[in-house]
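Down below is the structure, laid out as structure tokens.
Number of protein chains: 2
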Amino acid sequence: MKRRNLLSKIALGTASTYTITACQSPNPPEPNPEPTPSQPLIRWRMATSWPKSLDIIFGAAEILCRRVEQMTEGRFTITPYPANEIISPLQILDGVIAGTVECGHTNLLFSFDRNPALGLISGLPFGMNLPQHNAWFFHGGGLEAMQKIYQGFGVNTFPAGNTGLQMGGWFNRKINSVDDLKGLKMRIPGLGGKILERLGCEVQVLPGDEIFPALEQGKIDAAEWIGPYDDEKLGLNRIAPYYYYPGWWEPSSVLIALVNRSQWDRLPKSYQEIFRSAALEAYFLTISRYDAANGEALERMILSGTELLPYSQEILEDAYSVALELYQKYASDSEDFARIYQQWKQFQSSIVNGYTTNQLTYSNFISEREKIN
Amino acid sequence: MKRRNLLSKIALGTASTYTITACQSPNPPEPNPEPTPSQPLIRWRMATSWPKSLDIIFGAAEILCRRVEQMTEGRFTITPYPANEIISPLQILDGVIAGTVECGHTNLLFSFDRNPALGLISGLPFGMNLPQHNAWFFHGGGLEAMQKIYQGFGVNTFPAGNTGLQMGGWFNRKINSVDDLKGLKMRIPGLGGKILERLGCEVQVLPGDEIFPALEQGKIDAAEWIGPYDDEKLGLNRIAPYYYYPGWWEPSSVLIALVNRSQWDRLPKSYQEIFRSAALEAYFLTISRYDAANGEALERMILSGTELLPYSQEILEDAYSVALELYQKYASDSEDFARIYQQWKQFQSSIVNGYTTNQLTYSNFISEREKIN
């Protein structure tokens, strides 16, 4: 009986009779007891870290701005500016704190040197894949951890895009073993760079526009940028023949909108909620735009001669070991990193063993079939 | 020179100098030349296909309603109703068309018998995995195809949730070969059911609350519902020992908000855009909520004795062949299905071979490491 009671509570109730309740709701004009909320005209500027030509990542800022405008019928408008038009790309946070602009759009990782936990919150090398990372970020504490860190900087922050898993970079020769990495000159910033340094690479950090000429002139042997769609825009497939996968150093890369706190506090509550929602639209749609565009771009590259190669198991395993050592070091240096890493690992272990098996088995099966056909 | 020009156009510009333009934008109070848009008080009811106890899927409707309310500061409120309180779960579309309620929240598949192309738009058995499906749905024509079909029914439709990849169902005995499926009594609706029927199963369709007793009384030998989190609520892990993966018959299942067209047309433009945005929040957050909750639920089940088993290669391959035959049949019977399937396959082939390799290789590697540790 107990069981039947339980089940009756959770009944889906798929009875096929079409029930109409007596109570109709024809939307009668209602009295208007409360004052209409304030809808001030507000014009903001959004400085971004992106050139317009990188149209998906700059497009994330555009989605946010366009949706805010549409949801307020043009009362609240935000104009996105490409990198360097108002603020240089790595200085967006400073510009928002100073109030040079009301808001900005940038990458979580660009504040990595202020707090290494941001690297973890954006997506760790060899960390959870993007769907898992999203589950943790939105429902396992990541979002709140990020907001708290930026509150400490004096700004409000909102997830507003994600590049998804990046690629494993371009090489002018084949890389079969860890030995082949020794002395290799590679353009790669961030945690991935620190791991490759420990494996013997000579790591450099160059801005996007300097990568192609550096490869052409032999100043570097290898470089990573983002993924097929953006890499093609830099022309990297025309100068390096080998394109490696997977991009183990960036399974997820969170893009954020930053808002000056005093500007935020002046917004009507409805505009605040609209901004938040528009940012989340940008977050999600940027992921699916990259998934659509990267596939097509990689197809084009392969057709025009790019050789797509997997990292060897040896390189992946050595890089993985070095990564785990690095995280131990960060955890001992940073309280934030230690606390969030602990919670992140618990979450990871709760979802990787089980449900992922379902998703991976499915994806592996359809991927094999598709190749056969 | 040409190449340098190209590159200067796409420069990321990572110069580290902190540039502040002369033009400051301190948000001066602006004149208010346009009339404040209308913000009528509107109260809607949303009939859903879900009991409250299935709190993630009913929660998708709740997210939509809560966000609309927040973004309008309570001027536009929508109350979600569980299944059967106003309309029975499979009749939401009829209720919205008739104007019994202004809007509803249901599953795309519940209109499958009106147009088989909706099965494809929701997520085909052995079709693209969820990230790929989202890329197609939002950037490859799926959304527009769905909207057009529902416009034909006289309602507006918005993506407002997705269960993600479902599981492969519960069995009272091990299923090793296609022979083991012959005569097996299984609860499974939709296209998956049609495929299993062709493989020899005796397929039944039962509402959620009848699954447990039917298994207990031996009226069926097997059943599928949704995934670990929701299946646990039905108690299926307490009555069937074997839980199979992957859930090849439903890699994606699109949940939708339906709106009566004349009610929609009466909304101010801003409320329309706010509704659209709130629905997209619900779409995305439901995916990540399921990813978080399913992992933990499956861990609990395994700890309490559920045996997690993969479908054999033989069953997967036979089911896959039967599925492709079925799609040919639908394509010859339905113009919509034929046209959309053609475009869907083109999109699939453009993204499966290349970029997926990156994502799968990454996910396979980290999944193996996680299991070792």
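First to last, the protein sequences are chains Z and F.
Residues in the first sequence are numbered consecutively from 1, following this note's numbering.
Residues in the second sequence are numbered consecutively from 1001, following this note's numbering.
The beta-carbon is built from N, C-alpha and C at its ideal position, and this holds for glycine as well.
Per DSSP, glutamate 102 of chain Z lies in no alpha helix (DSSP H) segment and is marked neither H nor E. If you ignore the 5 residues before and after serine 1177 of chain F, its C-beta comes within less than 6 Å of the C-beta of Glu1314, all in its own chain and listed in chain order. Residue pairing for phenylalanine 1138 of chain F: DSSP places it in no beta bridge. Listed along chain F, the residues sitting closer than 7 Å to lysine 269 of chain Z by beta-carbon distance are Glu1073. Scanning the region 327-362 of chain Z from its first residue to its last, the whole alpha helix (DSSP H) runs of 4-plus residues come out as 335-352. Residues of the region 280-294 of chain Z that bring their beta carbon within less than 9 Å of a beta carbon in chain F comprise Leu280, Glu281, Tyr283, Phe284, Leu285, Ile287, Ser288, Arg289, Tyr290, Asp291, Ala292, Ala293, Asn294, in sequence order. Excluding the 5 residues flanking it on each side, glutamine 1147 of chain F has same chain C-beta neighbours closer than 7 Å at Thr1157, in chain order. Interface flag for proline 125 of chain Z against chain F is unset, since no Cβ pair is found closer than 8 Å. Its chain contains Phe212, Leu215, Glu216 as the residues whose beta carbon lies nearer than 7 Å to that of isoleucine 239 of chain Z, once the 5 sequence neighbours on both sides are disregarded; these appear in chain order.
Going by DSSP, glycine 190 of chain Z is part of the alpha helix (DSSP H) stretching over 190-198. Inclusion of alanine 222 of chain Z and asparagine 294 of chain Z in the CB contact set at 8 Å is not warranted, their separation being larger than that value.
A Cβ-Cβ distance of about 5 Å is found for the pair glutamate 197 of chain Z and valine 203 of chain Z, placing them in contact under the 8 Å criterion.
Counting the other CB atoms within 10 Å of its CB gives glutamine 1091 of chain F a total of 16 or more, which places it among the buried residues. Beta bridge pairing from DSSP links arginine 238 of chain Z with no other residue. Rounded to the nearest angstrom, the Cβ distance from phenylalanine 1076 of chain F to tyrosine 1283 of chain F is 19 Å, too far for a contact under 8 Å.
Put simply, the backbone Cα of asparagine 1358 of chain F is about 8 Å away from that of leucine 165 of chain Z. Cβ-Cβ distances below 8 Å link phenylalanine 1153 of chain F to Leu1093, Ile1097, Ser1111, Arg1114 in the same chain, with the five nearest sequence neighbours on each side left out; the list follows chain order. Chain order gives no chain F residues near glutamine 342 of chain Z, where near means a beta carbon separation below 8 Å; the closest approach is about 15 Å. In terms of CA proximity to asparagine 1107 of chain F, F:Ala1257 leads the group F:Ser1350, F:Ala1257, F:Phe1365. When C-alpha distances from methionine 1167 of chain F are compared across F:Ile1086, F:Leu1298, F:Ser1304, F:Trp1344, the shortest belongs to F:Leu1298. Under the 8 Å criterion on CB atoms, asparagine 1237 of chain F is classed as non-interfacial with respect to chain Z. Residues are counted here when their Cβ sits less than 8 Å from a Cβ of chain Z; for the region 1244-1263 of chain F these are Tyr1245, Pro1246, Gly1247, Trp1248, Pro1251, Gln1263, given in chain order.
Only buried fits glycine 192 of chain Z, as 16 or more other CB atoms lie within 10 angstroms of its CB. With respect to alanine 279 of chain Z, alanine 135 of chain Z sits apart: the two C-beta atoms are not nearer than 8 Å.
Under the criterion of beta carbons closer than 8 Å, lysine 233 of chain Z and serine 350 of chain Z do not qualify as touching, at roughly 39 Å. If you check the CB distance, valine 1352 of chain F and valine 1259 of chain F do not come in under 8 Å. Contact of serine 1277 of chain F with chain Z is assigned, a C-beta pair being separated by under 8 Å.
In this structure, the CA atom of alanine 117 of chain Z is about 11 Å from the CA atom of tryptophan 344 of chain Z. Here the alpha carbons of isoleucine 195 of chain Z and glycine 74 of chain Z stand approximately 47 Å from one another. The Cβ atoms of glycine 1099 of chain F and isoleucine 1121 of chain F do not sit closer than 8 Å to each other. Per DSSP, reduced to three states, the secondary structure at proline 1228 of chain F is helical.
The three-state secondary structure of glutamate 85 of chain Z, taken from DSSP, is coil. Chain F places no beta carbon closer than 8 Å to that of valine 178 of chain Z, leaving this residue out of the contacts.
With respect to arginine 1369 of chain F, tyrosine 245 of chain Z sits apart: the two C-beta atoms are not nearer than 8 Å. For valine 1322 of chain F, the nearest beta carbon of chain Z is not closer than 8 Å to its own beta carbon.
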